[in-house]
Amino acid sequence: MTKQITVSAPGKLMLLGEHAVVYDRPCLVTAVGQRMKATITLTESPFFELNAPDVNVANYRKPISALLSGEVPKGAKFVEVAVANFFGKYPLKSGGIKIETNSEFSAEFGFGSSSASTVCTIKALSEITGANLDQKAIFDLAYKTVLDIQGKGSGFDVAAATYGGTLYFVTGGKVIEPLKVENLPIVVGYSGIKVDTVTLINQVSEKAKKYPEVIEAIYDQIKNLVEKAKKAVLEKDWATVGELMNINEGVLSALGVESQKLADMIYAAREAGAYGAKLSGAGIGDCMIAFTPTENRDKINQSITNAGGKVIDVQINVEGVRIENV
Ligand code: MEV
173 MTKQITVSAP GKLMLLGEHA VVYDRPCLVT AVGQRMKATI TLTESPFFEL
223 NAPDVNVANY RKPISALLSG EVPKGAKFVE VAVANFFGKY PLKSGGIKIE
273 TNSEFSAEFG FGSSSASTVC TIKALSEITG ANLDQKAIFD LAYKTVLDIQ
323 GKGSGFDVAA ATYGGTLYFV TGGKVIEPLK VENLPIVVGY SGIKVDTVTL
373 INQVSEKAKK YPEVIEAIYD QIKNLVEKAK KAVLEKDWAT VGELMNINEG
423 VLSALGVESQ KLADMIYAAR EAGAYGAKLS GAGIGDCMIA FTPTENRDKI
473 NQSITNAGGK VIDVQINVEG VRIENV
């Protein structure tokens, strides 16, 4: 049996469909080339050990039999619950494990570092124990882990980390359809504002309780936008994708998840010649995206910077979780 394995998984960027995708509607998501890495080593003593410098976890250690008991530090949660869920299904016969995670990206960007580290943990355990789970089984166990901790979420980030590429995705993995895409003419701007996704999901759900038919109608409109954008992406019709993104931003604003800062960056990108621009993710903070004609790219980058954003140079449509070395 292999003693040590390193795997990596990408982050994600929502293209269209956020919030509605929590409620049985589709979204479009692409995997970004900033990766989370996890190295798992099988050890002789029956302990779970974790080092995760990016989230301030150093030499965290407990018996395998005590997984999930006692106080679990915030930075250790996703990995520990993933390990417990994995061993709940595929028990470790003897010994223990040591895990080290490292991220190429800041957790601040909202690229989905928790989901990527969860997917890495399940994939590495699957390989090192010989369980050899397929992509859907990795997705299911990692999504269960995220729900165990957060209680809410569509799983689109888990799907991006697992499958990579660009996906048409429906809540909980009911549909996970890889789209044949070579590249997307995208610019990403970071707002500098940190947001808590679950808090924003809850805010939107409060609105849905108050005005159910209004908000459900918005979710249905978002579904229509995603279906049209899927077709336009496959046809490389970027002008149409941009127009649909602008409409999507309008309804996200109606849901209350736009902020002045994101709006400034989005309008600046549009005025500088983008096909379209919108927030990406839970809203209020994190990132915005713009689809841009090549000739306007520099101007658009500058306009986002002038609006107080930070342009992040990322590859998109990258490979999903993969083995780095054994
Ligand atoms: C957050 O990045 C996107 C949401 O749709 C939540 C989710 O899909 O899990 C708001």
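To get the working numbering, take the position in the sequence shown, counting from 1, and add 172. Quick reminder that beta carbons are idealized off the backbone N, C-alpha and C, glycines included.
So residue i is in the alpha helix (DSSP H); what residue range does that whole segment cover?
i: Arg442; result: 432 to 443
i: Leu305; result: Looking at the DSSP string, Leu305 is not in any alpha helix (DSSP H), and its letter there is neither H nor E.
i: Thr477; result: 469 to 478
With DSSP as the reference, please indicate the residues paired to residue i in a beta bridge.
i: Ser363; result: Paired residue(s): none; Ser363 is not in a bridge.
i: Arg494; result: Ser180
i: Arg233; result: Glu221
i: Ile358; result: Phe463
i: Ser501; result: Since the first residue of the chain shown is 173 and the last is 498, residue 501 is not available in this structure.
i: Met186; result: Val201
Name the two residues that bound the continuous beta strand (DSSP E) containing residue i.
i: Glu349; result: 347 to 351
i: Phe463; result: 459 to 463
i: Gly205; result: 198 to 215
Compare the C-alpha of residue i against each of the options and name the closest.
i: Leu406; options: Val353, Ser180, Ile456, Gly457; result: Val353
i: Ser475; options: Ser180, Lys395, Ile488, Ala449; result: Ala449
i: Cys459; options: Ala444, Lys482, Leu416, Glu385; result: Lys482
i: Pro350; options: Gly492, Val498, Glu421, Thr290; result: Gly492
i: Ala380; options: Ala181, Val194, Lys184; result: Val194
i: Asn489; options: Ile321, Pro182, Val398; result: Pro182
i: Val179; options: Gln375, Thr466, Val291; result: Val291
i: Lys402; options: Ile348, Ile271, Gly455; result: Ile348
i: Glu378; options: Leu185, His191, Lys175, Met186; result: His191
i: Gln154; options: Pro357, Pro465, Asn274; result: This structure cannot speak to residue 154, because the chain is shown only from 173 to 498.
i: Thr317; options: Ala296, Ser289, Asn304; result: Ser289
i: Ile212; options: Ile390, Gly189, Val255; result: Val255
May I ask you to report which of helix, strand or coil DSSP gives residue i?
i: Leu406; result: helix
i: Tyr335; result: helix
i: Glu272; result: strand
i: Gly422; result: helix
i: Val486; result: coil
i: Ala256; result: helix
i: Phe341; result: strand
i: Leu319; result: helix
i: Asp511; result: Any property of residue 511 remains undetermined from this structure, which presents the chain solely from 173 to 498.
i: Pro384; result: helix
i: Phe311; result: helix
i: Phe283; result: coil
i: Ser289; result: helix
i: Phe277; result: coil
i: Glu399; result: helix
i: Tyr262; result: coil
i: Leu239; result: coil
i: Gly325; result: coil
i: Ala446; result: coil
i: Val428; result: One detail in the question is off: residue 428 reads as Gly in this sequence, not Val. Looking at Gly428 - three-state DSSP - the assignment turns out to be coil, as it is neither helix nor strand.
i: Val244; result: coil
i: Asp226; result: helix
i: Gly267; result: coil
Any C-beta of chain B sitting closer than 9 Å to the C-beta of residue i?
i: Val370; result: Reference to chain B is not applicable here, since this structure consists of a single protein chain.
* Take every Cβ of the segment 318 to 332, pair it with every Cβ of the segment 422 to 429, and state whether three or more of those distances are shorter than 8 Å. => Verdict: no, contact absent.
Worksheet item: Counting Cβ pairs, one atom from each stretch, are 3 or more of them under 8 Å apart for the segment 276 to 283 and the segment 293 to 311?
Response: Flag = no, the segment 276 to 283 and the segment 293 to 311 do not touch.
Check: Touching or not, the segment 365 to 384 and the segment 233 to 247, by the rule of three or more beta carbon pairs under 8 Å?
Finding: With the cut-off at 8 Å, the segment 365 to 384 and the segment 233 to 247 do not touch.
(request) Check whether the segment 339 to 354 touches the segment 292 to 302, taking contact to mean three or more Cβ pairs, one atom from each stretch, closer than 8 Å. (result) As far as the Cβ criterion goes, the segment 339 to 354 does not touch the segment 292 to 302, which means the pair count is below three.
Kindly confirm or deny that the segment 244 to 251 and the segment 192 to 203 touch, where touching means at least three C-beta pairs closer than 8 Å.
-> Too few Cβ pairs lie closer than 8 Å, so no.
Query raised in the report: Can we say the segment 259 to 266 touches the segment 433 to 440, given the rule of at least three CB pairs closer than 8 Å?
Result: Not touching, per the Cβ criterion.
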